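This report refers to the structure that appears directly beneath it.
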Amino acid sequence: NEKVLDEILSQYPTKVKKNRKKHIIIKDPNQARQEIEANTRTIPGIITNRGCAYAGCKGVVLGPLKDVVHITHGPIGCGYYSWLTRRNKAASSDPTKNFISYCFSTDMQESDIVFGGEKKLARMIDEVMEIFKPNAITISATCPVGLIGDDLGAVAKAAEQKHGITVMHFNCEGYKGVSQSAGHHIANNTLMERVIGAGELEAAPGRYPINILGEYNIGGDSWEIERILREIGYTVLSVMTGDGSYEELKNAHVAELNLVQCHRSINYIAEMLETKYGTPWLKVNFIGIQSTIDSLRNMAIYFGDPELTRRTEEVIAKELAEVEPVMEQYKKICQGKTAFCFVGGSRGHHYQGLFAELGMETVLAGYEFAHRDDYEGRDVLPQIKLDADNKNIPELHVEPDQRRFKLKVPRERMEELKKKIPLSYYAGMMVDMKGGHVVVDDLNHYETEQFIKLLKPDIFASGIKDKYVVQKMGIPAKQLHSYDYSGPYAGFKGAVKFAEDITMSFISPTWNFITPPWKNQPILEGEIVEGGCS
Ligand code: CFM
Ligand code: HCA
40 NEKVLDEILS QYPTKVKKNR KKHIIIKDPN QARQEIEANT RTIPGIITNR
90 GCAYAGCKGV VLGPLKDVVH ITHGPIGCGY YSWLTRRNKA ASSDPTKNFI
140 SYCFSTDMQE SDIVFGGEKK LARMIDEVME IFKPNAITIS ATCPVGLIGD
190 DLGAVAKAAE QKHGITVMHF NCEGYKGVSQ SAGHHIANNT LMERVIGAGE
240 LEAAPGRYPI NILGEYNIGG DSWEIERILR EIGYTVLSVM TGDGSYEELK
290 NAHVAELNLV QCHRSINYIA EMLETKYGTP WLKVNFIGIQ STIDSLRNMA
340 IYFGDPELTR RTEEVIAKEL AEVEPVMEQY KKICQGKTAF CFVGGSRGHH
390 YQGLFAELGM ETVLAGYEFA HRDDYEGRDV LPQIKLDADN KNIPELHVEP
440 DQRRFKLKVP RERMEELKKK IPLSYYAGMM VDMKGGHVVV DDLNHYETEQ
490 FIKLLKPDIF ASGIKDKYVV QKMGIPAKQL HSYDYSGPYA GFKGAVKFAE
540 DITMSFISPT WNFITPPWKN QPILEGEIVE GGCS
């Protein structure tokens, strides 16, 4: 409760306490809205799990585009850090056009920092063209590039003229935002301006044409999602950007519907595509069996075709018959256990339903870098204050495309549909949480330890940066970024894989060899006395 929370926060200096208090909510179902502070700077000195704008731009949004060579302009560490660690899988029918397994970096040295790195970058592009001949190149800036003022735009322009391909540059220096989130925005703006719509297609090459936005094929998730969608009869034009390609993305404008899986990283594109091409977007969640079913049914409602609805139900029934009995087995072991679920900007919410399907309650959840709308729902958008990121990200102004804008759904039907399905809408994480459950934004290592001691979860789902600290406390930790080299976890088959992995972490005998610290030490030290603490 609030008193215990206050005790935890009282270890902080007064100013820090005041700040952190706004980022932590205990869900109270009696309040219509509980406001949380999000997308603000981490306090210097606090150990956060967040990444940087470069990670969000190159690592998250651009990196998965497989037929593009992604150059990291900077010292080698940034390129190395983002080299395959995210597990965004990609397969290609043309292996000479799949560069996913490479790491391209200009490997800046001290002399490049002193005398400038533009020439080295230009030479590198020449070399890339000689060896790999990609259809497009991206250049992502790291912190020192912005500090020394290398003109990436000029290098990119000259390279385009010299080689006749698309060379896009991204001023996503790590410090351009308070987290990865600014990087998503920087990447998406340029993809919107230069890639989507650059293709020649005027009509879709199949029935029910859709794009899947905000799905990055981690551990093969999007392959499982696409398997289900194709079986129903959808034409998946492009995935942004999991196992995605520059060539596919160019024609994303002909879709009839855009699905949004990760709202945080891609909602700008979804909105801009609606304005520019008249394509509505639907919030989906393919993590968890029930969420997958709901998403498929909502898609069928959108298209409003009885044949599609029939086929949707047929596929759901077939898949359910396969996975339900297996899930029941795993549920016997997981039932009644509790989880913490703290992940980047969407999974903190998306995995709660899947845990519930195993009979588990998520008692603490949060995001590293999501914004208030991801917690509270899009209704709060008009109230969100301009933040530190805004001045660093040029705002794109998009207008209806004169030639290609086509209203996919008449306005009246759109209004009717909005009452039934989440079209252009995301309700956020907090509505799905129960009273007494804790929501934490930008959770740090001190708070991680305190909340573990207090709530003693049976499993902690988060990332690599706290995994081992958590395990040393005797708590199983599950990476929900990289899936601990497992997956896929999406869709029907993915739910079973997840259930198997979670069950495995509970029945491992390893935990018998660890004594959690609180079994040897009291949970809170010191005593409360009248008129103050000692
Ligand atoms: Fe979206 Fe992602 Fe996520 Fe994200 Fe990420 Fe990721 Fe993530 Mo790691 S785009 S917000 S910036 S779902 S890399 S695939 S797992 S923090 S919750
Ligand atoms: C990133 C990528 C990351 C990190 C994962 C983690 C990912 O933020 O740069 O901290 O475990 O999913 O790979 O989010």
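Under my numbering, the letters of the sequence shown match residues 40 to 573, in that order. No residue lacks a Cβ here, since even glycine has one placed at the ideal position from N, Cα and C. The structure presented is a predicted model; accordingly, all values stated were derived computationally and were not measured.
Local conformation of residue i per DSSP, three classes
i           : result
residue 573 : Note that residue 573 scores a pLDDT of 44, beneath 50, so its modelled location is shaky and nothing firm can be said.
residue 435 : coil
residue 508 : helix
residue 400 : strand
residue 291 : helix
residue 447 : coil
residue 406 : strand
residue 92  : helix
residue 378 : strand
residue 422 : helix
residue 66  : coil
residue 479 : strand
residue 79  : coil
residue 314 : helix
residue 462 : strand
residue 144 : strand
residue 171 : coil
residue 334 : helix
residue 115 : helix
residue 150 : helix
residue 468 : coil
residue 412 : helix
residue 196 : helix
residue 244 : coil
Beta-ladder partner(s) of residue i, from DSSP
i           : result
residue 297 : 250 and 320
residue 275 : 249
residue 108 : 176
residue 207 : 177
residue 326 : 529
residue 540 : According to DSSP, which records beta bridges pairwise, residue 540 is partnered with nothing at all.
residue 517 : 500
residue 553 : Note: residue 553 sits in no beta bridge, so no partner.
residue 137 : Answer is none; residue 137 lacks a bridge partner.
residue 257 : 127
residue 280 : 254
residue 87  : 483
Cβ distance (whole Å) where residue i is taken to contact residue j below 8 Å
i           : j           : result
residue 286 : residue 174 : 6 Å
residue 581 : residue 249 : The structure shown does not extend to residue 581, since the chain is modelled only from 40 to 573, so the question has no answer here.
residue 156 : residue 145 : 6 Å
residue 393 : residue 534 : 6 Å
residue 221 : residue 40  : Wrong, their Cβ atoms sit about 35 Å apart, outside the cutoff.
residue 435 : residue 228 : 5 Å
residue 282 : residue 128 : 6 Å
residue 477 : residue 402 : 7 Å
residue 243 : residue 293 : 5 Å
residue 184 : residue 112 : 5 Å
residue 212 : residue 180 : 5 Å
residue 195 : residue 178 : 6 Å
residue 279 : residue 321 : Not really, about 14 Å apart at Cβ, beyond 8 Å.
residue 88  : residue 407 : 5 Å
Neighbour-count burial assignment, residue i, 16 or more Cβ in a 10 Å radius
i           : result
residue 489 : buried
residue 558 : exposed
residue 474 : exposed
residue 500 : buried
residue 572 : No answer about residue 572 holds up, because its pLDDT of 48 lies below 50 and its placement is not dependable.
residue 412 : buried
residue 446 : exposed
residue 329 : exposed
residue 138 : buried
Short CB-CB distance (under 7 Å) between residue i and chain C
i           : result
residue 352 : The structure shown has no chain C; it contains just one protein chain.
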